[in-house]
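Remarks on the structure that follows.
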């Protein structure tokens, strides 16, 4: 990725490095400048912008995030559409977050442009709660880094992030009555576990 000051006449197709808000023009950083965008900037007197251009071996942040997010996800996970180089994993239902922490750590050590953050393994989750996020830093990732991340994600033939849903189960309680045990004590021994279940 090439990054730096870009003359406005050469800015079409470049990725805006900083938000631009002035003179009625409002562009967020990360925007791929179109010919129309360049004309708007030129019309308000802009002569250059700080921008990034992808090299042939780069993958745009949204494409890279989507690919890695899909490779990580298992059962019970819903993935958001990529935005600003990020894809989030949400729980579809209540359960426990199943996270392969060793492989997450391995993936995070591959390259600085590909990062994954998760809840702790076996954290309790509710429906629509975020379980993990994939972030590409900054606007693209090297194709080789994304390929290595996908290899780590697929290496063990099991997902790196999933949700094990809670299942309704039957429970029973066995009480032993000793001579002299009061009924009040036995009743409390039923009430407390019943509340927990």
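In the numbering used here, the protein residues as written are 84 to 280.
Think of the CB as a built atom: it goes at the ideal place given N, C-alpha and C, for glycine as much as any other residue.
- Judged by DSSP in its simplified three-state form, residue 278 adopts helix.
- Between residue 173 and residue 211, the C-beta gap is smaller than 8 Å, which places the two residues in contact.
- Residue 88 is bridged by DSSP to 133.
- Unbroken alpha helix (DSSP H) runs of no fewer than 4 residues, entirely contained in the stretch 216-280, are found at 226-237 and 266-279, following chain order.
- Boundaries of the beta strand (DSSP E) around residue 141: 141-143.
- For residue 161, the uninterrupted beta strand (DSSP E) run begins and ends at 160-162, by DSSP.
- Residue 246 is positioned such that its CB atom lies no closer than 8 Å to that of residue 190.
- For residue 105, DSSP records a beta bridge to 108.
- Closest option to residue 146, judged by alpha-carbon separation, among 272, 236 and 229: 229.
- Setting aside the 5 residues that flank it on each side, residue 152 is surrounded in the same chain by 162, 170, 172 and 217, each with a C-beta closer than 7 Å to its C-beta; the list follows chain order.
- Put simply, of 155, 116, 120 and 129 the residue whose alpha carbon is nearest the alpha carbon of residue 137 is 116.
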